[in-house]
Structures are given as structure tokens and as C-alpha cells.
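Peer 1: Here it is: the structure, laid out below.
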Amino acid sequence: MEDFEKNITENDFLLLTEICFDEEKFKEKILDLDLYDFELNGNMFNEKIEFIYPYSYISKGNRFNLERPLLIHDNYPNQHKVIKTADNFVTCSRSILKFKKDFQIEGKNILKIVTPRKSNIYFQFHIKNGKFEIQNIEEMDIKLKVKSEA
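Going by the working numbering, the sequence shown opens with residue 1361, and the numbers climb by one from there.
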């Protein structure tokens, strides 16, 4: 973490991504979270740091709603910390990606996420006058393109 922070320069562009998984992901013996690749406008990231954290969720009908963080620390009389967990949980991975600032362009930018099973997920955002352009909900294109390369 410290090396990542020390190596950030004014020539870098940082982007935060978050990918969440259900409990099925963690039934596998080997996790593949480090096998996700990220491209900004066709250029691979230079460096990334990942944080993995759990959330609990509740189900209502056929929908799942995130409720609160899964780990709760309580002080009990004879214990310093007690960790409570739930049977059902969602775990998320946040990645801070470092790209060369030149990879970011004025106007439409495309972030491509390539999963370990070669599915491609695309997100787009806009840069105006060198700054991230905040879009209203009405202006956002909520569509998510997922394309699998077999």
C-alpha cells in the first residue's frame, strides 16, 4: 500500500472500481480476484491495489438488498472484539487502478473489465476540461455491455 501511494505522480490517473460477488464465488478453493484485467481506452493499467470486504444482505422476494457491513465489532464483558457473521453475504473487491494520465481523453472514455473467464464488461464516463463530468441520473446510460470471448 505504501509503495503504491509513494509511486503516484501528477502524470497518473487514478480510477476506483468495485466488483461484488455472491457467496457462490467463495465456495471455490482458489479465488481469482487478482485475474481481473482493466483497460482504459484500450490501454492496460500500470498498477492496482485491491481491497476485499464483505457486506451482509437481505432477500425480499427475488431481490437482494445490501443491508450493512457484515463484520460488526462489539465490546463484551470478557472479550475485546467479537465478530458476528451471517450465512448469506456479498463480498466486494474495490480496486484502485493507476493509469498514465495520457490514457484519459477529453470527452467519452471507456473502461473495459476483462474477467478471468474472458467476459468483457464496459463502462463509459466523460471528461470535460480535464475533469470528471458528473451526470444526472436522466443523462446516464445505465446499460452494461457484457460480451464473452470463448
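The beta carbon of each residue, even a glycine, is placed where N, CA and C say it ideally should be.
Just verifying my parser: in three-state terms, what is the DSSP assignment at E1362?
Peer 2: Residue state, collapsed to three classes: helix.
Peer 1: What number of angstroms, rounded off, separates the C-alpha of N1367 from the C-alpha of K1408?
Peer 2: The alpha-carbon atoms of N1367 and K1408 are separated by roughly 11 Å.
Peer 1: E1378 bridges to which residues according to DSSP?
Peer 2: Its beta-bridge partners are R1454.
Peer 1: Please identify the residue among D1462, K1461, D1363 and I1379 whose C-alpha is closest to the C-alpha of D1394.
Peer 2: It is I1379 whose Cα lies nearest to the Cα of D1394.
Peer 1: If we call anything under 8 Å between Cβ atoms a contact, is L1471 one with L1400?
Peer 2: Closer than 8 Å, so yes.
Peer 1: Give me the Cα-Cα distance between Y1482 and N1371, rounded to the nearest whole angstrom.
Peer 2: Cα-Cα distance, rounded: 24 Å.
Peer 1: What three-state label does DSSP hand F1463 in the structure shown?
Peer 2: Residue state, collapsed to three classes: helix.
Peer 1: Nearest by alpha-carbon distance to S1453: which of N1469, S1479 and Y1396 is it?
Peer 2: When only C-alpha atoms are compared, the closest one is Y1396.
Peer 1: How many Å lie between I1502 and K1420 at the Cα?
Peer 2: For I1502, the predicted model reports a pLDDT of 45, less than 50, meaning its position is unreliable and no value from the coordinates is stated.
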